[in-house]
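Asks: Right, I'll just put the structure down here and ask away after.
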Amino acid sequence: MAVFFILCDTLLAQEQPKMRYDYDILITYNSKNETLERITHTFDSLGNRLTKLFEKCVSGEWFNNKRHTYTYDNNNNVLTELFEECSSGSWKYDWRSTYTYSVASDTVIEIYEVFSSDDQSWKKDCRCSIIYDSLGRILSESREHFVDGAWEYYTRSRYYYNDLGEISERLYERYSFDQWLDSYRYLYTYDSVGNRLTELREVFSLDNWVYVWRYFYTYDDRGNKLTEFHDIYSLDGVWENIYRDTCSYDDVNNMVSKMRRVMSSGEWKKSWLIHYNYDDYGNSVAGKHELWFENDWIAHEGGLYLFLNQKETEYYYAHYYEANILSFIDNTSIENIELTDEYLNIYPNPAKDKITLHFYTQPQESYVYIYDLQGVLIKSFVVKNQKQDIITSDLSAGIYVFKIKTTENIWTKKIFISK
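This is how it looks when you write it as structure tokens:
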């Protein structure tokens, strides 16, 4: 009964401010538990990151290494990012990016410049243009290099979507002799609730698409990724196993471990293992990487992610890290608010065989959870369409709580299923 009341109180909580999470200080350690690096953030009153400072620890003392500095427009879009490195105690310019946004917010242009120490000036290097559709999905991303005083096309990525709004293909092209030529592509498949099942990479060679590698994924009934298999396509024309990852989760869907096994001499053998510890909001406050050596797990430098709100964010190469997580309150929206037609409509209510979710503004990604009145999770899935039907014919008659989570809000609504 205690679990029931906790679940319902959390699920139906009203007027809780929405929070965005980040960290102000993160410290990494090497395999000898010696302090390796310290990353420190500063923020403005809205939670926008202003600076990101990297320091190296040498003989117990911190020394400046590199830093990023950011500016924003009135809509909190990044305008500039400046990167500097510290040499002989002084900061030296390295590169900077400048961003512009279209009025319709369907195009973003980044201009990347490098600093020339010869004449102490900025030199244009690369320009990236990203075009979005009316639903906020990326359609294309093109890159140009600045050569002899003019921009010249270099590469382009184009994105294609299936009927459910999921990315089905990413096509990469190169520009040569005034035309775009196929280079390589990624193909994706999904299950009925939007979990990615496969990822296939092919290269274009001799007028044909040729296999390179592929991934396979499996999930638990909560949508958490359980396994990841990676194969490569050999010169003999057969798929060969390379590695597989196995993940485990706690009761609130935080990924607490991931183990990699590699294929060697026809057997799966342990390779590395990572662990994460979390706060109450799905933020990893600590991570640890170990290597399988002589039948035991030992401390080892390796890849570690920082999780914020259960999502992988930044990547670090260390044996261990500790992070101090901050939260920023956005008073313009409310978390776990009772759903109104202003943001999202669910109909019909009562429902029988299906209901329809209709977002008035297309979200990047939505997570839908259906609970019974005892707080038991019945089903969950990902929605990426602005309008999507949900089959309810498999639900018994009664009242259910629908929890819809987007990057902007979390809504709840009671739906009556009739038979």
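Heads up: the sequence shown is residues 860 to 1278, going by this note's numbering. Even for Gly, the Cβ is constructed at its ideal location relative to N, Cα and C.
Secondary structure at E896, three-state DSSP: helix, strand or coil?
Replies: Correct three-state label for E896: strand.
Asks: Do F942 and D953 have their C-beta atoms within less than 8 Å of each other?
Replies: Yes.
Asks: Checking 8 Å against the spacing of the C-beta atoms, do K1272 and I1205 come in under that value?
Replies: Cβ distance < 8 Å, so K1272 and I1205 count as in contact.
Asks: Are the CB atoms of N1183 and G1141 within a distance shorter than 8 Å?
Replies: No, these two residues do not count as a Cβ contact at 8 Å.
Asks: Which of the three DSSP states, helix, strand or coil, is assigned to S949?
Replies: The answer is strand: DSSP assigns S949 an E or B state.
Asks: Rounded to the nearest angstrom, how far is the Cβ of L1056 from that of F1075, given a contact under 8 Å?
Replies: Confirmed, about 7 Å.
Asks: Are the beta-carbon atoms of R996 and Y1020 separated by less than 8 Å?
Replies: Yes, the pair counts as a contact, with Cβ atoms nearer than the cut-off.
Asks: Applying the criterion that 16 or more other CB atoms from any shown protein chain within 10 Å of the CB defines a buried residue, is K1213 buried or exposed?
Replies: Exposed, because fewer than 16 other Cβ atoms sit within 10 Å of the Cβ of K1213.
Asks: Sorted by chain position, which residues of the same chain lie with C-beta nearer than 6 Å to K1238's C-beta, five sequence neighbours on each side aside?
Replies: Here the set comprises I1229.
Asks: So is the beta-carbon of S947 under 7 Å away from any non-hydrogen atom of the ligand GTP?
Replies: In terms of ligand content, the structure shown is empty, and the ligand GTP therefore cannot be addressed.
Asks: Taking all protein chains shown into account, do 16 or more other C-beta atoms lie within 10 angstroms of the C-beta of E1099, making it buried, or fewer, making it exposed?
Replies: Label assigned to E1099: exposed.
Asks: Give me the Cβ distance between D883 and T899, rounded to the nearest whole Å; I'm assuming they're in contact under 8 Å.
Replies: With a Cβ gap of about 7 Å, D883 and T899 count as contacting.
Asks: Which residue from T1105, C985 and N1067 puts its Cα closest to that of S1077?
Replies: Here residue 1077 turns out to be Thr, not Ser, going by the sequence shown. It is T1105.
Asks: Going by DSSP, name the residue or residues bridged to Q1038.
Replies: S1035, per the DSSP bridge assignment.
Asks: Output the boundary residues of the beta strand (DSSP E) element that contains K1117.
Replies: K1117 -> beta strand (DSSP E) spans M1114 to S1123.
Asks: Do you know how far the Cα of L1254 is from the Cα of Y1176?
Replies: Y1176 and L1254: Cα-Cα distance of roughly 46 Å.
Asks: Please give the ranges of any beta strand (DSSP E) in the segment 989–1051, keeping only runs that are unbroken, at least 3 residues long and fully inside the region.
Replies: The segment 989–1051 contains these whole beta strand (DSSP E) runs: 997–1006, 1009–1020, 1026–1035 and 1038–1049.
Asks: Could you give the residue range of the beta strand (DSSP E) that holds T1265?
Replies: Premise fails: T1265 is in no beta strand (DSSP E) and is neither H nor E.
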